[in-house]
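Heads up: the sequence lines are chains A and B, in that order.
Numbering (numbering that gives the first Met the number 0) for the first sequence: 0 to 420.
Numbering (numbering that gives the first Met the number 0) for the second sequence: 0 to 420.
Structure first, commentary second.
There are 2 protein chains.
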Amino acid sequence: MSYRPLTPETLLDYLKTREALKDRLPPDETYRVREVGDGNLNLVFVVESEQNPEHTVVVKQALPYLRVVGESWPLTRERVVYETEALKLYNRYAPGLVPEVYDHDYEMSLLVMENLNRHEIMRKPLVRRVKFPKFADQISTFLARTLFYTSDLYLPGVEKKALQEKFMNPELRKLQEDFVYSHPLMDAPENNWNPLLDDLVEEVRKDGELKERVTWLKEGYMTHGQSLIHADLHTGSIMINQDETRVIDPEFAFVGPAGYDVAAVIQNLMLNYASHFAHTEDPAVRADYQDWLLKTMREVWTGFAEKFEALWVGEGERGELAPKGYWDYPGGEADFARFRKHYLQRIFQDVVGTAGTKALRRMMGIVSVWDISSIEDPEKRAVAERFAIRVGRRWVKEMDEIRDIDAMLDVIREETEAALA
Amino acid sequence: MSYRPLTPETLLDYLKTREALKDRLPPDETYRVREVGDGNLNLVFVVESEQNPEHTVVVKQALPYLRVVGESWPLTRERVVYETEALKLYNRYAPGLVPEVYDHDYEMSLLVMENLNRHEIMRKPLVRRVKFPKFADQISTFLARTLFYTSDLYLPGVEKKALQEKFMNPELRKLQEDFVYSHPLMDAPENNWNPLLDDLVEEVRKDGELKERVTWLKEGYMTHGQSLIHADLHTGSIMINQDETRVIDPEFAFVGPAGYDVAAVIQNLMLNYASHFAHTEDPAVRADYQDWLLKTMREVWTGFAEKFEALWVGEGERGELAPKGYWDYPGGEADFARFRKHYLQRIFQDVVGTAGTKALRRMMGIVSVWDISSIEDPEKRAVAERFAIRVGRRWVKEMDEIRDIDAMLDVIREETEAALA
Numbered sequence: 000m001s002y003r004p005l006t007p008e009t010l011l012d013y014l015k016t017r018e019a020l021k022d023r024l025p026p027d028e029t030y031r032v033r034e035v036g037d038g039n040l041n042l043v044f045v046v047e048s049e050q051n052p053e054h055t056v057v058v059k060q061a062l063p064y065l066r067v068v069g070e071s072w073p074l075t076r077e078r079v080v081y082e083t084e085a086l087k088l089y090n091r092y093a094p095g096l097v098p099e100v101y102d103h104d105y106e107m108s109l110l111v112m113e114n115l116n117r118h119e120i121m122r123k124p125l126v127r128r129v130k131f132p133k134f135a136d137q138i139s140t141f142l143a144r145t146l147f148y149t150s151d152l153y154l155p156g157v158e159k160k161a162l163q164e165k166f167m168n169p170e171l172r173k174l175q176e177d178f179v180y181s182h183p184l185m186d187a188p189e190n191n192w193n194p195l196l197d198d199l200v201e202e203v204r205k206d207g208e209l210k211e212r213v214t215w216l217k218e219g220y221m222t223h224g225q226s227l228i229h230a231d232l233h234t235g236s237i238m239i240n241q242d243e244t245r246v247i248d249p250e251f252a253f254v255g256p257a258g259y260d261v262a263a264v265i266q267n268l269m270l271n272y273a274s275h276f277a278h279t280e281d282p283a284v285r286a287d288y289q290d291w292l293l294k295t296m297r298e299v300w301t302g303f304a305e306k307f308e309a310l311w312v313g314e315g316e317r318g319e320l321a322p323k324g325y326w327d328y329p330g331g332e333a334d335f336a337r338f339r340k341h342y343l344q345r346i347f348q349d350v351v352g353t354a355g356t357k358a359l360r361r362m363m364g365i366v367s368v369w370d371i372s373s374i375e376d377p378e379k380r381a382v383a384e385r386f387a388i389r390v391g392r393r394w395v396k397e398m399d400e401i402r403d404i405d406a407m408l409d410v411i412r413e414e415t416e417a418a419l420a
Numbered sequence: 000m001s002y003r004p005l006t007p008e009t010l011l012d013y014l015k016t017r018e019a020l021k022d023r024l025p026p027d028e029t030y031r032v033r034e035v036g037d038g039n040l041n042l043v044f045v046v047e048s049e050q051n052p053e054h055t056v057v058v059k060q061a062l063p064y065l066r067v068v069g070e071s072w073p074l075t076r077e078r079v080v081y082e083t084e085a086l087k088l089y090n091r092y093a094p095g096l097v098p099e100v101y102d103h104d105y106e107m108s109l110l111v112m113e114n115l116n117r118h119e120i121m122r123k124p125l126v127r128r129v130k131f132p133k134f135a136d137q138i139s140t141f142l143a144r145t146l147f148y149t150s151d152l153y154l155p156g157v158e159k160k161a162l163q164e165k166f167m168n169p170e171l172r173k174l175q176e177d178f179v180y181s182h183p184l185m186d187a188p189e190n191n192w193n194p195l196l197d198d199l200v201e202e203v204r205k206d207g208e209l210k211e212r213v214t215w216l217k218e219g220y221m222t223h224g225q226s227l228i229h230a231d232l233h234t235g236s237i238m239i240n241q242d243e244t245r246v247i248d249p250e251f252a253f254v255g256p257a258g259y260d261v262a263a264v265i266q267n268l269m270l271n272y273a274s275h276f277a278h279t280e281d282p283a284v285r286a287d288y289q290d291w292l293l294k295t296m297r298e299v300w301t302g303f304a305e306k307f308e309a310l311w312v313g314e315g316e317r318g319e320l321a322p323k324g325y326w327d328y329p330g331g332e333a334d335f336a337r338f339r340k341h342y343l344q345r346i347f348q349d350v351v352g353t354a355g356t357k358a359l360r361r362m363m364g365i366v367s368v369w370d371i372s373s374i375e376d377p378e379k380r381a382v383a384e385r386f387a388i389r390v391g392r393r394w395v396k397e398m399d400e401i402r403d404i405d406a407m408l409d410v411i412r413e414e415t416e417a418a419l420a
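Okay, structure coming up:
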């Protein structure tokens, strides 16, 4: 069927034509359809049987333009292919941590998947100060497994290049290259910031040392084909409940620097931390929740690092970076262990700088995060935003000196004291 | 026409069917054909008119296996596509420094190009101590132009990804990943070295610090998609005379680290330098030629760096790494200049380590260079080989400390004293 955007009215007739959905959506039942997309790029429909709550799917269809900007910003609908292929790969390497894929139709730029109706988008409960005790363990498993199994530590060389070619994703990469790295730090029409912070924003945009570091991080983003990354792993791309974590929306996926996804998770938790200077007035309640966020950030990194290294030791035999036999000599075992440590250390330095860059872009670029943009009073919002910019700037500028997760979190602690002083 | 390897007997009939060659090889003349391939991967035919010396071409046809190993090592014939497409691109960005392409037939894995019959392969005259006063200027122009125009400093993001996708080249990259970086430093059946150097070779293969550095360089080779690189730019891939330099054989081309090609040129000149400890007995004659080689290595780097930066300043406007407007603020000009300097500095550090790695692989891996393998006396050859290994090892291990080309060449000078002591 040639491409046409579906509507809640036309969707059901379309779905009836899909062989793969016959059992999941039996034709003798009746269905409710809601369009729930709050993203910028896609239509998202929820389909639910009125007879059987198990008979439900989510349908995602790509629009041929960037919704927030309108039809003036055309984008290829290819991105639904990237999302579907990434989800299939994630289902293989991190089963249970992403939605199941039921069907796809690339001519219609359309994907049918599991309805995560027992989960909610993570951002909202984080603002309500809900704690998720299993989150750090689950997301670090997702990060370790997806980043290891798509790297040169696991894949034979020729397979790695095939993966890279399959996920070339030039259009969406270009969006992130501009909107994450360059535009927030320069004069660009779509930039958006709190006028109360004009001085600070201006200062950051003239900070040559910071801008050079961000340029190097951009260089890594553009050229360092280390692992298949999700590339948009903010807390709006995570569905969660007390028991389960599910990563969604990998349409930006490509083979890039492994630290990027880890940085995205930590930086989004930091922005949520910042938002509670406004959302949560009681100092004790705020401190308690912010402490949980710090603990979670810490466990995201340590969990990732431990699991990634364990996978490498256990399943690195086919990989190319440290091929079988290369470290076979007296003392080689220890040399190999040191190399693994250094490899994870390099990812960590990337995490620090990238988390800083991404925090700045949220405060000074095209789009903030709901945690902070939902603070209505501009004065109160400025407290959160100033904090986030100060932490972000230090993470970027001190990225070589910050050598472990505790030092990274110390920046948050120090800037908390400054914010409250 | 479906693929079949041509022979000197069948070639002319084939060429008569090619429309693009009608004027270049008029059908009313008679032709001599010679097969001259000394490579491992291809048949190479020279076709010359017996009536008009201007009517001549070179035909290169890929074999479906690695010649030196025999039919047991199948390789895709795709590589003639990579070579042809790279030559076309080089003709655009570095005209006059590569052979012209006259015709290609991808079904036959075949390329027809300019016969460089006024040039010779550079290795041989370097052994005869011929000086080429224009070489450093010409090869540094080739390096600067091909590496700049295919980088993110010049290409818009989407075009860069298209280039990367076009030159994915997984099979030949895998060969270099193994044969340059890993196998020479471990137990591998194809390794080849002078038994007189057993102790030194053994020592290098157990040197954990060196092996970690080489692994990082391999990581860069596998993942750092900086510029389209030739990836096999030794002095056997350079045709030369007193006036002109021509780069041939870019079948390994892919988007990789920019320093790789620069390193290849410098390291091959260093190996030739080493060979004269055996080829040239008269100390004064040897010193004179080795001095010319040192001067040339120096000018290859400085010429490359100056021209690369000049291209960036002059034509970087469409590029993505330092987009127009990003450095527009008081003091931004100086910050941008500092970034350019650092960018070239990072390429330089890569050059040092890569040149060292490649020197080691020639002395301890699957294949040496003719400059050195042509030294018949194993004792004399060991002097050259020991020198090359010692320089290579230091270039790798000191790659962070060696901060400029003079320091890089000082290692050669110091090891020369040690070799003669």
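The C-beta atom is built at its ideal place from N, Cα and C for all residues, glycine as well.
Small disclaimer: the values here were computed from a predicted structure and weren't measured.
Exposure label - residue i; buried when at least 16 CB within 10 Å
i	result
Gln60 of chain B	buried
Ala19 of chain B	exposed
Thr16 of chain B	exposed
His341 of chain A	exposed
Asp104 of chain A	buried
Val299 of chain B	buried
Gly235 of chain B	buried
Ser1 of chain B	exposed
Gln473 of chain B	The displayed coordinates of chain B run from 0 to 420. Any statement about residue 473 of chain B would go beyond what the structure contains.
Leu419 of chain A	exposed
Thr6 of chain A	exposed
Gly255 of chain A	buried
Arg76 of chain B	buried
Chain-ordered chain B contacts of residue i [CB-CB under 7 Å]
i	result
Gln225 of chain A	Thr222
Asp334 of chain A	Gly207, Lys210 and Glu211
Lys217 of chain A	Leu320
Cβ distance (whole Å) where residue i is taken to contact residue j below 8 Å
i	j	result
Thr295 of chain B	Phe134 of chain B	6 Å
Arg204 of chain B	Leu174 of chain B	With a Cβ gap of about 21 Å, Arg204 of chain B and Leu174 of chain B do not count as contacting.
Glu414 of chain A	Val395 of chain A	That pair is no contact at about 14 Å.
Ala263 of chain B	His233 of chain B	6 Å
Leu110 of chain A	Val97 of chain A	With 8 Å as the limit, Leu110 of chain A and Val97 of chain A do not qualify as a contact, their Cβ atoms being about 12 Å apart.
Asn116 of chain B	Val56 of chain B	Going by Cβ atoms, the distance from Asn116 of chain B to Val56 of chain B rounds to 10 Å, so no, they are not a contact pair.
Ile388 of chain B	Asn190 of chain B	Contact flag wrong, Cβ pair sits at about 13 Å.
Ala93 of chain A	Thr145 of chain A	5 Å
Chain-ordered neighbours of residue i on chain B, where CB pairs are closer than 8 Å
i	result
Met478 of chain A	Coverage of chain A is limited to positions 0 through 420, which leaves residue 478 of chain A absent and any answer about it impossible.
Arg204 of chain A	Tyr328
9 Å Cβ cut-off: residues of chain A touching residue i
i	result
Thr353 of chain B	Neighbours of Thr353 of chain B on chain A: none; closest Cβ ~16 Å, over 9 Å.
Lys173 of chain B	Pro155, Gly156, Val157, Lys160 and Glu319
Neighbour list for residue i in chain A, Cβ cutoff strictly below 8 Å
i	result
Thr214 of chain B	Leu320, Ala321, Tyr325 and Phe338
Met469 of chain B	Nothing can be reported for residue 469 of chain B, as the shown portion of chain B is limited to 0 through 420.
Glu170 of chain B	Val157
Glu176 of chain B	Gly156 and Glu319
Listed by chain order, chain B residues near residue i by CB distance under 9 Å
i	result
Phe165 of chain A	The sequence shown places Lys at residue 165 of chain A, rather than the Phe named in the question. Ordered by position in chain B, no residue passes the 9 Å Cβ test against Lys165 of chain A, which lies about 10 Å from the chain.
Contact list for residue i against chain A, beta-carbon separation under 7 Å
i	result
Ser181 of chain B	Pro322 and Tyr325
Report yes or no: do the stretch 231–249 of chain B and the stretch 81–93 of chain B share at least 3 C-beta pairs separated by less than 8 Å?
yes
Is it true that the stretch 194–202 of chain A meets the stretch 155–173 of chain A, where meeting means three or more beta-carbon pairs spaced less than 8 Å apart?
no
If contact means a Cβ-Cβ distance below 8 Å, which residues of the stretch 319–332 of chain B contact chain A?
Glu319, Leu320, Ala321, Pro322, Gly324, Tyr325, Trp326, Asp327, Tyr328, Pro329, Gly330 and Gly331
Selection of the stretch 138–159 of chain B by Cβ proximity to chain A, strictly under 7 Å:
Asp151, Gly156 and Val157
Mind listing which residues of the stretch 234–257 of chain A have their C-beta closer than 7 Å to chain B's C-betas, in chain order?
none
Stretch-stretch touch, CB-based, cutoff 8 Å, three pairs: the stretch 308–316 of chain B with the stretch 150–162 of chain B
yes
Touching or not, the stretch 373–383 of chain A and the stretch 403–410 of chain A, by the rule of three or more beta carbon pairs under 8 Å?
no
Tell me whether the stretch 211–229 of chain A and the stretch 330–345 of chain B touch, counting them as touching only if at least three CB pairs, one residue from each stretch, are closer than 8 Å.
yes
The stretch 40–55 of chain B in contact with the stretch 24–32 of chain B per 3-pair CB rule at 8 Å
yes
How do the stretch 271–291 of chain B and the stretch 360–375 of chain B stand: do at least 3 beta-carbon pairs fall below 8 Å, yes or no?
yes
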